[in-house]
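Per this note's numbering: the sequence shown = residues 1 to 504. From the three backbone atoms N, C-alpha and C, an ideal C-beta is built for every residue, glycine too. This one's a predicted model, so the numbers in the text were calculated from it and none came from an experiment.
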Amino acid sequence: MDYSKIEQLARAARGQGQQVVLVLGLGFVGTAVAGNLARAEQNGRRLFFVIGLDRDDAAGREKAGALDVGRSPTYANDPSLERVIREACLDSKNLVGGVDPRLIGLADVVVSCINLDVQREAGQTEKLVVPTEGYAAAMRMVGQHMRPGTLVTVESTLPMGTCDRVLYPALCEGQAKQGVDVAAKPPKLAYCYERVMPGPDYLDSVNNFWRAYAGVDSASADAARDFLALYVNTAQFPLWRHKSTRAAEMAKLLENSYRATNIAFIEEWSKLAEGAGVDLFDVIKSVRVRKGTHDNMMLPGLGVGGYCLTKDALLAAYGAEKLLGIPAEMPFSRRAILTNERMPLRAVEWIERHFGGRLAGLKAAIVGVTYRPGVNDTRSTPSEIVARALRERGCEVAAYDPLVTHWDELPQVAVTQDPAAAVRGAKIVVICLPDPLYRPFLADLLKKELGPGAIVVDPWNMVVDACASDFAARGIALAVYGRGDYPKAAPSAAPSTAAHAAKA
Ligand SMILES: NC(=O)c1ccc[n+]([C@@H]2O[C@H](COP(=O)([O-])OP(=O)(O)OC[C@H]3O[C@@H](n4cnc5c(N)ncnc54)[C@H](O)[C@@H]3O)[C@@H](O)[C@H]2O)c1
1 MDYSKIEQLA
11 RAARGQGQQV
21 VLVLGLGFVG
31 TAVAGNLARA
41 EQNGRRLFFV
51 IGLDRDDAAG
61 REKAGALDVG
71 RSPTYANDPS
81 LERVIREACL
91 DSKNLVGGVD
101 PRLIGLADVV
111 VSCINLDVQR
121 EAGQTEKLVV
131 PTEGYAAAMR
141 MVGQHMRPGT
151 LVTVESTLPM
161 GTCDRVLYPA
171 LCEGQAKQGV
181 DVAAKPPKLA
191 YCYERVMPGP
201 DYLDSVNNFW
211 RAYAGVDSAS
221 ADAARDFLAL
231 YVNTAQFPLW
241 RHKSTRAAEM
251 AKLLENSYRA
261 TNIAFIEEWS
271 KLAEGAGVDL
281 FDVIKSVRVR
291 KGTHDNMMLP
301 GLGVGGYCLT
311 KDALLAAYGA
321 EKLLGIPAEM
331 PFSRRAILTN
341 ERMPLRAVEW
351 IERHFGGRLA
361 GLKAAIVGVT
371 YRPGVNDTRS
381 TPSEIVARAL
391 RERGCEVAAY
401 DPLVTHWDEL
411 PQVAVTQDPA
421 AAVRGAKIVV
431 ICLPDPLYRP
441 FLADLLKKEL
451 GPGAIVVDPW
461 NMVVDACASD
471 FAARGIALAV
481 YGRGDYPKAA
491 PSAAPSTAAH
501 AAKA
């Protein structure tokens, strides 16, 4: 929607007592935040008029334009998402999209949900490029357009020191360019990291969940607290006030690094179990009975995916060294990232051994493209690591995923929504995603479509119990992360046992 139309709507909304909130960045976080703000109400009246602002490029215009027609800019299999967005855009008309930075000047609150990527070569964690200057440029733009006194909250995941050392100075610079005396009227900047979880509880994971905040000063922190309290269910999930923006930045990084490290930890036990003929899934279940200390132990799997867990553990060391000037070796966090990144390649090593290194021309099927069941986000999926490695070795790769029509990061791989079409004629199948929706049909499909000499890698323990005996009898090899206990195909039937002998 264009600027003048939004300006009129915002003025009318403010006249009716609504606060005007601008959400910067309409990605996975921004969409959920905008939807939540738009549905927030008190005594039956909508609290906010929400403007979603994205970049003025093709992708940004498409996201903002989606709101004009009542569609969500991103997909989540949360049934409430499309309903909330449609209703807010088309009925209550308190959610609009645009790409004109002047829209920032209409806002009482700006919520920044833009991305901050970590760029690095695979296999190392020392040389990192984190474009904090790009984030600073966005804050300068906000400062240049916003009215003095506007609260700016940042929800993106940031290296420690970004708010106080990078973003606040940029915001002040932008305000000064407008001629604002920032000493007399300092901008309000708060950090309120996001825990949104794409999937069926996407919208609720923003406001029906624990939220934390901090400000560059107490006025900023108070303003953020009051703003969050308007739309977060604080009766059930009280807010956590951090002592500084650095502490809040650290909390988010620690949370995700902890999870990434726990996942990496299980990898060495997976290898041990495979060699020892043990079912690690069963062992972990037996350990998980110790409630409170061991009940969230991770299970083996293909790897870690998604935008956050593959990068956040590196942002702490980066922030410490580059922004705060303090040494930060962080060996566990760095090792976790490298272990998790290597994990999917074990599948490829098994496949290579199975075929004696001769993969050229073989059809390989990737079952599940995204990093998490129920999402269509293809960023940093373990499937991509497997598919790339198989293509490099000459395989013809096909993929199945019911939620993906085009694989942006790997457009050379055709994605079908028909699992039989992906698997038919394949000599290699890698089950990349433990989507419960696959369970009812996958084992039978593989038994029907695959023939002797094929190999199935089942890193998540999806089909092994249903298929192992049948596969062993028919000379189809099976390789499962963390399991060494299932029947193997006989050596005479196929070269597949080589894979198992080698990994043991
Ligand atoms: N995806 C998640 O589940 C999740 C969860 C918690 C935190 N986070 C963090 O939140 C941040 C955003 O993540 P995301 O997954 O939504 O990213 P995303 O890439 O899906 O969305 C970012 C959006 O911001 C827009 N953008 C970038 N620069 C802009 C600018 N200068 N002006 C206007 N728009 C701009 C992009 O075009 C894009 O639409 C990241 O720091 C991420 O680590 C993500």
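For residue i versus residue j, is the C-beta distance shorter than 7 Å?
| i | j | result |
| --- | --- | --- |
| V216 | L189 | yes |
| V430 | I366 | yes |
| L253 | L315 | yes |
| G484 | V278 | yes |
| G374 | G199 | yes |
| T370 | D408 | no |
| A472 | P487 | yes |
| V397 | V413 | yes |
| A273 | A336 | no |
| A10 | L90 | no |
| S383 | C308 | no |
| A214 | Y191 | yes |
| A276 | H242 | no |
| A64 | D54 | yes |
| V304 | N340 | yes |
| M343 | E267 | yes |
With DSSP as the reference, label residue i as helix, strand or coil.
| i | result |
| --- | --- |
| P267 | Note on identity: in this sequence residue 267 is Glu, with Pro being the wrong assignment. E267: helix per DSSP, three-state reduction. |
| S112 | strand |
| V130 | coil |
| F355 | coil |
| V397 | strand |
| D279 | strand |
| E449 | helix |
| A38 | helix |
| I366 | strand |
| V180 | coil |
| Y191 | strand |
| F227 | helix |
| I455 | strand |
| V20 | strand |
| P487 | coil |
| A502 | Confidence at A502 is low in this model, with a pLDDT of 37, below 50, so the placement of that residue should be treated as unreliable; the coordinate-derived value is given next. The answer is helix: DSSP assigns A502 an H, G or I state. |
| P495 | Confidence in P495 is poor, its pLDDT being 40 and thus under 50, which makes the residue's placement unreliable; the coordinate value appears in the next sentence. Three-state DSSP puts P495 in coil, outside helix and strand. |
| W460 | coil |
| Q119 | strand |
| I51 | strand |
| L253 | helix |
| R11 | helix |
| L324 | helix |
| V520 | An answer regarding residue 520 cannot be provided, because it is not within the stretch 1 to 504 covered by the chain. |
| W350 | helix |
| I85 | helix |
| R140 | helix |
| T405 | coil |
| A477 | strand |
| T416 | strand |
| P305 | Sequence check: residue 305 is Gly here, not Pro. Three-state DSSP puts G305 in coil, outside helix and strand. |
| G292 | coil |
Could you pull out every residue in the same chain whose Cβ sits closer than 7 Å to the Cβ of residue i, ignoring the five residues on either side in sequence?
| i | result |
| --- | --- |
| Q19 | L47, F48, D108 and V109 |
| F332 | T261 |
| Y318 | L128, V130 and P159 |
| L81 | G35, S72, Y202 and L203 |
| L446 | V423, V429, V456, V463 and C467 |
| A499 | The pLDDT assigned to A499 is 41, lower than 50, so where the model puts this residue is not dependable, and the model offers no usable value. |
| A136 | V166, L167 and A170 |
| A328 | A316, A317, A320 and E321 |
| V287 | H294 and M297 |
| R102 | Y3 and H145 |
| E155 | V29, V33, V111, S112, C113, C192, Y193 and E194 |
In chain order, what residues of the same chain lie with their CB nearer than 8 Å to the CB of residue i, ignoring the 5 residues before and after it?
| i | result |
| --- | --- |
| G134 | L116 |
| A40 | R46, L47, F48, N207, L230 and Y231 |
| S419 | Just to set this straight, residue 419 is Pro in the shown sequence, not Ser. Counting only Cβ-Cβ distances below 8 Å, and skipping sequence neighbours, we find V367, Y400, Y438, F441, L442 and L445. |
Please go through the same chain and pick out, in chain order, the residues whose beta-carbon is closer than 6 Å to the beta-carbon of residue i, but skip the five residues on each side of it.
| i | result |
| --- | --- |
| M250 | M160 |
| M139 | L167, A170 and L171 |
| K311 | V118 |
| V180 | P148 |
| A13 | F49 |
| L324 | G161 |
Any Cβ of chain D within less than 7 Å of the Cβ of residue i?
| i | result |
| --- | --- |
| L106 | Although the question refers to chain D, the structure presented lacks it and comprises just one protein chain. |
| the stretch 23-30 / the stretch 106-123 touching (three or more Cβ pairs under 8 Å) | For the pair of segments examined, the stretch 23-30 was found to touch the stretch 106-123: the number of CB pairs separated by less than 8 Å reaches three.
| request: Say whether the stretch 399-407 touches the stretch 212-230, bearing in mind that this needs 3 or more beta-carbon pairs closer than 8 Å, one atom from each stretch. | output: Counting Cβ pairs under 8 Å, fewer than three are found: no touch.
| Per the contact definition of three or more C-beta pairs closer than 8 Å, is the stretch 299-306 in contact with the stretch 445-462? | The stretch 445-462 makes contact with the stretch 299-306, as at least three CB pairs between them are under 8 Å.
| request: Tell me, please, whether the stretch 218-225 touches the stretch 148-157 by the rule of three or more beta-carbon pairs shorter than 8 Å. | output: The stretch 218-225, when compared against the stretch 148-157, does touch it at the 8 Å Cβ threshold.
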